[in-house]
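Notes to accompany the following structure.
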Amino acid sequence: MVGAWSHSRRQNKLNYLVTQITKDPNMKATTLPIDNLIQRSMHPAVTTVLTLFVLACFAVAQEAPVATPTPTPSPCETLIPSGVFDLVGFGRQVKTSALTNPDVDGISVHEKWWHLEPSEDVYDWSTLDAYVARITPFGKNILIRIGTMGGRYSLGGNTPDWVMDAVGANTITYYDSGRVLRTIPLFWDQTFLNKKIAMIAAIGARYSGNPLVKVATASFANR
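Per this note's numbering, the very first residue in the sequence shown carries number -3; after that it's consecutive.
In structure tokens, the structure reads:
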């Protein structure tokens, strides 16, 4: 009976403590008049537990979590330009009408691999240099397209003979749309890819100082 009454008193004190805390919107522990009552009538262990409870409530009230705003990522700069481009075929001149037209955003010029790199690591920049020099004063974006497929140059294709010799037997033979039998490197042949990548890198190294030269690309899958 005494144990039940003691438990009831402790429960009532706890309820009163919680009630006093929730009544105070500022959750200030110093406004609670129950400290002496707890110390006089309750076991020290119970007093310690309740004191910790008060301190915890006080700490939560004083240190309410602050929402951290989610940072907005900065938009990435678009490297590949968009808009209207005038396509210039291999060996063709850039038209003045395209250069002076405000609705034309850029000029896309065409060169052949066999013409650009007739021997390994030996480049003939005359055609591309002329295109870049012609377009740059007009402030148009420049795209460089390199034709690389169609097979051996000496047989009418765009691939230098020295590249075909290096590829060896890693080729495929087919009839093109004109019913001409052609032999081209396998698209995934590592020797072929390495030499094509080196050629593209050389173009990048030559024209990287001109901010108007945006893209240098080579044909893929015999296109």
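Backbone N, C-alpha and C fix where the C-beta goes; we use that ideal spot for every residue, glycine too. This structure is a prediction, so every number in the text was calculated from the model and none was measured.
Pick from the options that is closest to residue i, judged by C-alpha positions
i    : options                : result
V90  : T187, H106 and G79     : H106
S115 : D82, N97, L95 and V159 : V159
G102 : N206, P77 and E113     : P77
D157 : L112, A197 and S173    : L112
T123 : R88, T167 and G135     : R88
T179 : S173, D185 and T167    : T167
Neighbour-count burial assignment, residue i, 16 or more Cβ in a 10 Å radius
i    : result
T169 : exposed
P181 : buried
A236 : Beyond the ends of the chain as shown, which are -3 and 219, falls residue 236; an answer cannot be given.
N190 : exposed
A126 : exposed
V84  : buried
T155 : buried
L46  : Only weak support exists for where L46 lies, its pLDDT of 49 falling under 50; the value from the coordinates is given anyway. The residue is buried, with at least 16 neighbouring Cβ atoms inside 10 Å.
L141 : Residue 141 is actually Arg in this sequence, not Leu. Buried, since its Cβ has 16 or more Cβ neighbours within 10 Å.
T18  : Note that T18 scores 48 on pLDDT, short of 50, meaning its location in the model is unreliable; the coordinates nonetheless yield the value given after this. With fewer than 16 other Cβ atoms within 10 Å, it is exposed.
L75  : exposed
D117 : exposed
N206 : exposed
A212 : buried
Beta-carbon proximity list for residue i, same chain, < 6 Å, skipping 5 on both sides
i    : result
A194 : none
Y203 : V209
T187 : A162 and V163
L177 : Y171
D82  : A94, V100 and I103
Neighbourhood of residue i by C-beta distance below 8 Å, restricted to the same chain and skipping five residues each side
i    : result
D99  : V80
S93  : none
G200 : A212
Contact set for residue i: own chain, Cβ-Cβ below 7 Å, skip 5 residues either direction
i    : result
P224 : Since the displayed the chain opens at -3 and closes at 219, residue 224 lies outside it and no answer follows.
T144 : W109, N154, T155, K192, A214 and S215
W121 : R202
The ligand COA heavy atom lying under 7 Å from the CB of residue i
i   : result
V80 : You won't find the ligand COA in this model; it holds no ligand whatsoever.
Give a yes or no on contact between the stretch 147 to 165 and the stretch 121 to 134, applying the rule of three or more CB pairs nearer than 8 Å.
Result no; under three Cβ-Cβ pairs closer than 8 Å.
Along the chain, which unbroken stretches of the alpha helix (DSSP H) at least 4 residues long are found entirely within the stretch 154 to 215?
Here the runs fully enclosed are 157 to 163 and 186 to 203.
Taking only runs that begin and end inside the stretch 80 to 156, name each unbroken beta strand (DSSP E) of 3 or more residues, in chain order.
Runs of the beta strand (DSSP E) lying entirely within the stretch 80 to 156 and spanning at least 3 residues, in chain order: 81 to 83, 102 to 108 and 137 to 143.
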